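The numbering used here puts the sequence shown at residues 5 to 332.
Okay, structure first, notes after.
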Amino acid sequence: MAEWLYEAGIGEARAALVDDGRIVEARIERDDERPRVGAVVAARLSEKAGKGALVTLDLPGAPVATLTAVPAKTSIGAALTVEITRMALRERGRDKHARARIAPEGAEITDGASLRERIAANGVPVADLGPSDPDQLEEAGWSELIDQVRRGHWPFEGGALWIDSTPAMTVIDIDGAGDTLALARAGAIAAAAAIRCCDIGGSIAIDFPSLAGRAERQEIDALVDAQLPQPFERTAINGFGLMQIIRRRSRPSLVEQIRFDAALADALALLRVAERTAGTGGLQLVARPAVADLLSARADWIDMLQRRTGRPVAIRADAAMKGPGHAQ
5 MAEWLYEAGI
15 GEARAALVDD
25 GRIVEARIER
35 DDERPRVGAV
45 VAARLSEKAG
55 KGALVTLDLP
65 GAPVATLTAV
75 PAKTSIGAAL
85 TVEITRMALR
95 ERGRDKHARA
105 RIAPEGAEIT
115 DGASLRERIA
125 ANGVPVADLG
135 PSDPDQLEEA
145 GWSELIDQVR
155 RGHWPFEGGA
165 LWIDSTPAMT
175 VIDIDGAGDT
185 LALARAGAIA
195 AAAAIRCCDI
205 GGSIAIDFPS
215 LAGRAERQEI
225 DALVDAQLPQ
235 PFERTAINGF
245 GLMQIIRRRS
255 RPSLVEQIRF
265 DAALADALAL
275 LRVAERTAGT
285 GGLQLVARPA
295 VADLLSARAD
305 WIDMLQRRTG
315 RPVAIRADAA
325 MKGPGHAQ
């Protein structure tokens, strides 16, 4: 029976939909990733540009959002109430503002649905996990999944996916040897699973091995349709083995969250490990300098770790350390 595993960690919440002992969907919601989709926020018009505009949101840090349409005769500085339709996104080499629209008249200010609320709304049971509980997320393969996302390498029987996000699209390359149709079948199943697991949205290009004829390409088209949950649109595989898929993109994917701020991802992963490190007395976090510096700058995270573990925390930078580091 499928079940969501939910964990309110330090700095981020994590959720995994586990079916038959395997993670089929993984989600992270970071405390600093605001505003959420569906949030209704007070704002002021800060810039007009053609049919759109920029608004400054009445939130900590005064983030900016793109407004899709501006009421006629609205002047710069005017007070507005907007609804967030897409979160801010980080891409390689650039960031995108959140996207907003004018909120319905009378809409109340709200934060929007949290990750915990969203997974509870789909009717699948949710298990709330704490740091002293058995680590069911880890048993289901959480760390292995995050490592796959970090490396962009997703092995499957007979081959592997290479996944990379560019400003234009997410690219999935199917790599392997042997019979090309068998590789394309296995790759289609693996690619659909990765897209669903990481909630990859926007434009996605899948590079399949070249197939001999139209019938084989149509078979793979149908297989993608069967494996990837709707809604999405796609092209047929062309003669060069390329398929393009378009999915709604309203939040950052797991790929973007893990790969575009590696120090942050590793710092939060180390905090997760530290919460579960047994022992008494001082708790030392050892990490590469970028991760150690980030943790040192977040007194709120360290204070929470000390409260949850009941242990004083020290941070030590080690230039030879790889990945998230370790706690001891």
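From the three backbone atoms N, C-alpha and C, an ideal C-beta is built for every residue, glycine too.
Predicted model, so just to flag it, every value in this text is computed and none were measured.
### Message
Let me check you understand the geometry: is the CB of Ile-88 closer than 8 Å to at least one non-hydrogen atom of the ligand SAM?
### Response
With respect to small molecules bound, the structure shown includes none, and the ligand SAM cannot be examined in it.
### Task
Using 10 angstroms around the beta-carbon of Pro-256, count the other beta-carbons present and answer buried if the total reaches 16, otherwise exposed.
Label assigned to Pro-256: buried.
### Query
So is Ser-214 buried or exposed if we call it buried at 16+ other beta carbons inside 10 Å?
Burial state of Ser-214 is exposed, judged by a 10 Å Cβ sphere holding fewer than 16 other Cβ atoms.
### Task
Entirely within the region 211 to 278 and at least 3 residues each: give me those beta strand (DSSP E) ranges in chain order.
Counting only runs of 3 or more, we get 246 to 251.
### Message
So, for Leu-119: in the same chain, excluding its five sequence neighbours on each side, which residues have a beta-carbon less than 7 Å away from its beta-carbon?
### Response
So the qualifying residues of the chain are Ala-17, Ala-19, Arg-31 and Glu-33.
### Task
Would you decide whether Asp-132 is buried or exposed? Buried here means 16 or more other CB atoms lie within 10 Å of its CB.
Label assigned to Asp-132: exposed.
### Message
Using C-beta distances below 6 Å, list every residue in its chain close to Ala-267, excluding the 5 sequence neighbours before and after it, in chain order.
### Response
Annotation for Ala-267: Ala-294, Val-295 and Leu-298 place their beta carbon closer than 6 Å to its own, counting only its chain and skipping 5 residues before and after.
### Query
alpha helix (DSSP H) containing Ala-188: first to last residue?
In the DSSP assignment, Ala-188 falls within the unbroken alpha helix (DSSP H) covering 184 to 202.
### Message
Check this for me: beta carbons of Asp-322 and Gly-314, under 9 Å apart or not?
### Response
Taking 9 Å as the cut-off, the Cβ atoms of Asp-322 and Gly-314 do not count as close.
### Query
Going by alpha carbons, who is nearest to Asp-177 out of Leu-185, Ala-164, Thr-170 and Pro-171?
With distances taken between CA atoms, Asp-177 lies nearest to Ala-164 out of Leu-185, Ala-164, Thr-170 and Pro-171.
### Task
Could you name the residues of the same chain whose beta carbon sits closer than 7 Å to that of Gly-184, not counting the 5 residues immediately before and after it, in chain order?
Just to set this straight, residue 184 is Thr in the shown sequence, not Gly. Non-local C-beta neighbours of Thr-184 in its own chain, meaning closer than 7 Å and more than five positions away in sequence, comprise Pro-213, Ser-214 and Leu-215, ordered along the chain.
### Query
Can you name the start and end residues of the alpha helix (DSSP H) that Ala-124 belongs to?
Element bounds for Ala-124: 119 to 124.
### Ile-1 (DSSP reduced to helix, strand or coil)
Any question about residue 1 goes unanswered here, given that the chain covers just 5 to 332.
#### Entry: Simplified DSSP state of Leu-63, which is helix, strand or coil
Annotated three-state conformation of Leu-63 is coil, per DSSP.
### Query
Three-state secondary structure (DSSP) at Glu-109?
In the structure shown, Glu-109 sits in coil (DSSP, three-state: anything other than H, G, I, E or B).
### Message
Taking only three categories from DSSP, how would you classify Ser-300?
### Response
Residue state, collapsed to three classes: helix.
### Task
Taking only the alpha-carbon atoms, compute the straight-line gap between Asp-307 and Cys-202 and give it to the nearest angstrom.
Taking the straight line from one Cα to the other gives about 31 Å.
### Task
Report yes or no: do three or more beta-carbon pairs, one from the region 40 to 48 and one from the region 69 to 86, lie closer than 8 Å?
The region 40 to 48 makes contact with the region 69 to 86; the number of CB pairs closer than 8 Å reaches 3 or more.
### Task
Mark Arg-96 as exposed unless 16 or more other C-beta atoms lie within 10 angstroms of its C-beta, in which case mark it buried.
Flag for Arg-96 reads exposed.
### Task
Measure the C-alpha to C-alpha separation of Ala-69 and Arg-253 and round it to an integer number of angstroms.
In a straight line, the C-alpha of Ala-69 is about 16 Å away from that of Arg-253.
### Query
Okay, do the region 48 to 63 and the region 227 to 241 touch, 3+ Cβ pairs below 8 Å being the bar?
Taking 8 Å as the limit for Cβ pairs, the verdict is that the region 227 to 241 does not touch the region 48 to 63.
### Task
Find out if the Cβ-Cβ distance for the pair Ile-150, Trp-158 is shorter than 9 Å.
Contact annotation: Ile-150 and Trp-158 have beta-carbon atoms that are not nearer than 9 Å.
### Task
Please name the residue or residues paired with Gly-56 in a DSSP beta bridge.
Paired residues: Ala-53.
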